[in-house]
Amino acid sequence: MQNPTPARKRGRPAKAAENAPHPYHHGSLPDALLNAAETVLRRDGLRGLTLRAIAREAGVSHTAPQHHFGDTSGVLAELAASGHRRLAQSMRARAAGVEPGAERGRATAHGYIDFAVANPDLFRLMSRNELLDTDRPSLVEARRMSAAGLADVFDSAPDIAPGSQSAFGAMSPDQAVAMASAWAHVHGLASLLIDNRLAALAAAPGAFSTPRELVDAVIDAM
């Protein structure tokens, strides 16, 4: 007489189940994916920021980022858009309550530096047009917001027509020159600071305690 078929042993789940993403508990998946993308950017740098790395960090299927944002340039564009909105907020926060004019311009510039220092990797990404879907509506609108904030540096807001695809809108030649000058000045200071290019200059005998102190002094002299 044949032995009865042995009962199937209860073992560990299949390997595929072991490797499945953790259950998703976030309220908004796109927001969670962007938060995960920024975490990966801070930790692993731009080279480590892949769709799979973002999905892994968020604990979701590896197809989720592509489903919501398309390709990598779409994710990076949304991340850059978030950065521009926060940059605009940082400039507004510094300039709040300050009368229009030179003092407000300096306060706005300090807000620009504040954001760059707090978010160096994101700040760098925001200028990497070759990596971004620059026509993405959310990025175009966010760049308008930060451009409008930056206009306070030279106290001349650009005239942006409804539906315009330009972040800067219509400007006179004089406005364009003033905007380029202000942007180059402040952005250059921010880049030099976060790339640690000012340490030796700030440390010169009788100079400044920190590179940030040097940058603040340059802005205050504007």
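The opening residue of the sequence shown carries number 1 in the UniProt record's numbering; numbering runs sequentially from there.
Think of the CB as a built atom: it goes at the ideal place given N, C-alpha and C, for glycine as much as any other residue.
Distance CB(residue i)-CB(residue j) smaller than 8 Å
i: ARG136; j: ALA190; result: no
i: LEU33; j: HIS62; result: no
i: LEU41; j: LEU122; result: yes
i: LEU201; j: LEU214; result: yes
i: THR210; j: ASP152; result: no
i: TYR112; j: VAL218; result: no
i: THR72; j: LEU46; result: no
Spatially closest choice to residue i from the options, by CA coordinates
i: HIS84; options: LEU139, ALA151, TRP183 and MET222; result: LEU139
i: HIS110; options: LEU198, GLN89 and MET126; result: GLN89
i: PRO30; options: ASP44, THR39, PRO65 and ARG43; result: PRO65
i: GLU141; options: SER82, ARG43, MET222 and PRO205; result: SER82
i: ALA199; options: GLY188, GLY206 and ARG212; result: ARG212
i: PRO120; options: ALA96, PRO205 and ARG43; result: ARG43
Exposed unless 16 or more other CB atoms sit within 10 angstroms - verdict on residue i
i: GLU99; result: exposed
i: ARG94; result: buried
i: GLY149; result: buried
i: ALA118; result: exposed
i: SER172; result: exposed
i: residue 249; result: Here the chain has residues from 1 to 222 only, and residue 249 is not among them.
i: MET179; result: buried
i: ARG128; result: exposed
i: ARG197; result: exposed
i: MET222; result: exposed
Contact set for residue i: own chain, Cβ-Cβ below 7 Å, skip 5 residues either direction
i: ALA37; result: LEU49, ILE54, VAL75 and LEU79
i: SER146; result: HIS84, LEU87 and ALA88
i: ASP114; result: SER90 and ARG94
i: ASP220; result: ARG106
i: TRP183; result: LEU150
Cut-off 8 Å between Cβ atoms - residues of its own chain near residue i, not counting five sequence neighbours on either side
i: ASN35; result: ALA58
i: ASP216; result: HIS110 and ILE113
Proximal residues to residue i (C-beta, below 6 Å), its chain only, five neighbours per side dropped
i: ALA116; result: PHE123, ALA190 and ILE194
i: LEU125; result: ALA80
i: THR39; result: GLU57
i: THR208; result: Correcting the residue type first, residue 208 is Phe in the shown sequence and not Thr. These residues qualify, in order along the chain: ALA202 and LEU214.
i: GLU103; result: none
i: ALA176; result: none
i: GLU130; result: none
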